[in-house]
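All remarks here apply to the structure that follows.
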Amino acid sequence: MIYMDNAATTPVKAEVLAAMLPYMDEYYANPSAVYRFAGDTAKAVRASRESLGAKIGALTEEIYFTSGGSESDNWALFSVCEERAFKDCHIITSQIEHHAVLNTCKRLEKLGVRITYVPVLPDGIIDISFLEKSISSDTVMISVMAANNEIGTIEPIADIGAIAHEHNVLFHTDAVQAFGHIPIDVAKMNIDMLSASAHKLGGPKGVGLMYVRKGLMISPFISGGSQERGRRAGTTNAPGIVGFGAAGDIAFKDMDRDREYVSGLRDRLIRGVLTSVPDSRINGSEIDRLPGNVNFCFEGIEGETLLILLDRDGICASSGSACTTGAVDPSHVLMAIGRTRSEAKGSLRLTLSSDNTAEEVDEVIEKIQRIVAKLRSMTAN
Ligand SMILES: *Cc1c(COP(=O)(O)O)cnc(C)c1O
């Protein structure tokens, strides 16, 4: 099997699993308990909070653990609107956000919140001047992703953060695809809130974090007990959090080396396919792009059919984002960059990691070439 769907999820690294296991059996205590036995677990949770915070220039107490990227996104958007009872409340976001942001925005609109969905340029980078012109007196937050999960574009979040703070508006970024893959600094980039998720960087599923700038008044999203300093109820997921910390340590330590290696594979795959498959195009910027992301459009091909045939050859890829697979609508991201409905349906996303090799890339190029040619000859007859 060749796994090229790392934007959907990644395998848990062996070192990460080893770090987690003791917190499922030996140190099973609830870290909120007072007895000394719980102290070891509480200490490990604190160490993860500290090391994950340090990776983005945040203080330990600015990191809140959640159940993942979706919850963090929901929390960020909901809480600022709830503070204003959903009235005189305007949020600016982009047309290419993950559904965790977009569908939360749709719910907020029903509650009376005004949302502006800023378009992107044909290369998938946000239209900054449109964004700045959208700011008005009732704007409370700008939420723009650090990197896109479908087409891998790296958005100019430092510029957006500067604009937000010039206008006294909060800035949230969904950094689920970026965290652990490219550098982020919450102070330099003027970020007030940031979402990240462990399973996109070699950690376990079901654990994420939200960075909340110190001093920011923000209500809890999950109410209940006083875990996470009263801002996120629920018994602490100690094994998950320890795994997240371990995955973060590895990802940040190896970041430079992995970026160089993985972007080399990416460029080999892009070049190989564009030169050998007629009527193929790359979606999203070729420059401001995540190291592991490749997204093609093949004229006249059904992406879903292509996926099924690739799967028969043992290749795991996706068409659009995992969340839209199975749905009939073409990807909102590909529509936003100006692809037609049929072009968007003929898209293929391959997302690489440091586990992939040049041999795998060459095999995938050859298989894509063969399958696309076969599908086209079938429709031509
Ligand atoms: C995967 C992903 C999410 C959702 O994260 P979960 O931890 O799976 O809930 C949100 N935003 C982006 C950009 C993602 O890629």
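The working numbering applies: residue 184 is where the sequence shown begins, and numbers increase by one. Glycine included, C-beta positions come from ideal geometry on N, C-alpha and C.
1) Should GLN360 be listed as close to ligand 1, given that the test is whether its C-beta is under 6 Å from any heavy atom?
2) Would you give the residue range spanned by the alpha helix (DSSP H) that CYS288 belongs to?
3) Does DSSP put ARG449 in a helix, a strand or coil?
4) If we call anything under 7 Å between Cβ atoms a contact, is GLY378 one with ASP223?
5) Verify whether the separation of the beta carbon atoms of GLU543 and CYS480 is less than 7 Å.
6) List the whole-angstrom C-beta distance separating ARG262 from PHE404, where the pair is believed to meet the contact cut-off of C-beta under 8 Å.
7) Out of ALA191, SER234 and VAL323, which one is the CA nearest neighbour of TYR394?
8) Would you check if the distance between the CB atom of ALA361 and the CB atom of ALA341 is smaller than 7 Å?
9) Terminal residues of the continuous alpha helix (DSSP H) containing SER312?
10) Would you check if the distance between the CB atom of ILE337 and the CB atom of GLY307 is smaller than 7 Å?
11) Quick check on VAL352: does DSSP put it in helix, strand or coil?
12) Is the beta carbon of ASN431 less than 7 Å from the beta carbon of LYS238?
13) When the Cβ atoms of the stretch 420 to 427 are set against those of the stretch 435 to 443, are three or more pairs found closer than 8 Å?
14) Does the beta-carbon distance from THR299 to SER317 come in below 7 Å?
15) Let me confirm a value: LEU392 is counted as buried when at least 16 other C-beta atoms fall within 10 Å, else exposed. Which label applies?
16) Given this structure, state the Cα-to-Cα distance separating ARG449 from SER463, to the nearest angstrom.
17) What is the residue span of the beta strand (DSSP E) that HIS382 lies within?
18) Taking only three categories from DSSP, how would you classify VAL460?
19) Buried or exposed: where does ALA283 fall if 16 or more other Cβ atoms within 10 Å of its Cβ makes it buried?
20) Tell me whether ASN332 counts as near ligand 1, meaning its Cβ is closer than 6 Å to at least one heavy atom of that ligand.
21) Keeping to the same chain, check which residues put their C-beta closer than 6 Å to that of TYR186; ignore five residues upstream and five downstream.
22) Specify, as a first and last residue, the run of the beta strand (DSSP E) that ASN478 falls within.
23) Does DSSP put ASP439 in a helix, in a strand, or in coil?
24) Roughly how many whole angstroms lie between the Cα atoms of ASN189 and ARG454?
In this structure, then:
1) Counting from 1 along the sequence shown, the entry for residue 360 is found at position 177. Checking every heavy atom of ligand 1 against the Cβ of GLN360, one is found closer than 6 Å.
2) Counted from its first residue, the sequence shown places residue 288 at position 105. Element bounds for CYS288: 282 to 293.
3) Within the sequence shown, the letter at position 266 stands for residue 449. In this structure, ARG449 counts as helix in the three-state DSSP scheme.
4) Working through the sequence shown from its first residue, we reach residue 378 at position 195. Working through the sequence shown from its first residue, we reach residue 223 at position 40. With the sequence shown as reference, residue 378 is identified as Ser, and Gly is not the correct amino acid for it. No; because the gap between Cβ atoms is not below 7 Å, this pair is not in contact.
5) For the purposes of this step, residue 543 is taken as residue 360 along the sequence shown, with counting starting at 1. For the purposes of this step, residue 480 is taken as residue 297 along the sequence shown, with counting starting at 1. No, these two residues do not count as a Cβ contact at 7 Å.
6) Translated into the one-based positions of the sequence shown, residue 262 becomes position 79. Translated into the one-based positions of the sequence shown, residue 404 becomes position 221. Looking at the sequence provided, one finds Ser at residue 262 rather than Arg. The Cβ separation is near 6 Å, so the contact holds.
7) By one-based count along the sequence shown, residue 394 stands at place 211. Of the candidates ALA191, SER234 and VAL323, the one whose C-alpha sits nearest the C-alpha of TYR394 is SER234.
8) Locating residue 361 in the sequence shown gives position 178, counting from the first residue. Locating residue 341 in the sequence shown gives position 158, counting from the first residue. For ALA361 and ALA341, no; Cβs fall outside 7 Å.
9) Along the sequence shown, read from residue 1 onward, the residue named residue 312 stands at position 129. Start and end: 311 to 317.
10) As a working note, residue 337 is residue 154 in the sequence shown. As a working note, residue 307 is residue 124 in the sequence shown. For ILE337 and GLY307, no; Cβs fall outside 7 Å.
11) Here residue 352 is taken as the residue at index 169 of the sequence shown, counted from 1. Coil at VAL352, not helix or strand.
12) Taking the sequence shown and counting its residues from 1, the one referred to as residue 431 is at position 248. Taking the sequence shown and counting its residues from 1, the one referred to as residue 238 is at position 55. Residue 431 is actually Gly in this sequence, not Asn. For the pair GLY431 and LYS238, the CB atoms are nearer than the 7 Å cut-off.
13) no
14) Numbered from its first residue, the sequence shown carries residue 299 at position 116. Numbered from its first residue, the sequence shown carries residue 317 at position 134. In contact: THR299 and SER317 (Cβ atoms closer than 7 Å).
15) Counting from 1 along the sequence shown, the entry for residue 392 is found at position 209. LEU392 is buried by the Cβ-count criterion.
16) Taking the first residue of the sequence shown as 1, we reach residue 449 at position 266. Taking the first residue of the sequence shown as 1, we reach residue 463 at position 280. The C-alpha of SER463 is placed about 16 Å away from the C-alpha of ARG449.
17) Position 199 of the sequence shown, counted from the first residue, corresponds to residue 382. Taken as a continuous stretch (DSSP letters only), HIS382 belongs to no beta strand (DSSP E), as it is neither H nor E.
18) The residue labelled residue 460 in the question sits at position 277 within the sequence shown. DSSP places VAL460 in coil when its eight states are reduced to three.
19) One-based indexing of the sequence shown puts residue 283 at position 100. With 16 or more Cβ atoms within 10 Å of its Cβ, ALA283 is classed as buried.
20) Mapped onto the sequence shown, residue 332 falls at position 149. Yes, ligand 1 has a heavy atom inside 6 Å of this Cβ.
21) As a working mapping, residue 186 is identified with position 3 in the sequence shown. Counting only Cβ-Cβ distances below 6 Å, and skipping sequence neighbours, we find CYS499.
22) Counting from 1 along the sequence shown, the entry for residue 478 is found at position 295. Residues 476 to 481.
23) The residue given as residue 439 occupies position 256 in the sequence shown. In the structure shown, ASP439 sits in a helix (DSSP, three-state: H, G or I).
24) Taking the first residue of the sequence shown as position 1, residue 189 is located at position 6. Taking the first residue of the sequence shown as position 1, residue 454 is located at position 271. Counting only the Cα atoms, ARG454 lies some 20 Å from ASN189.
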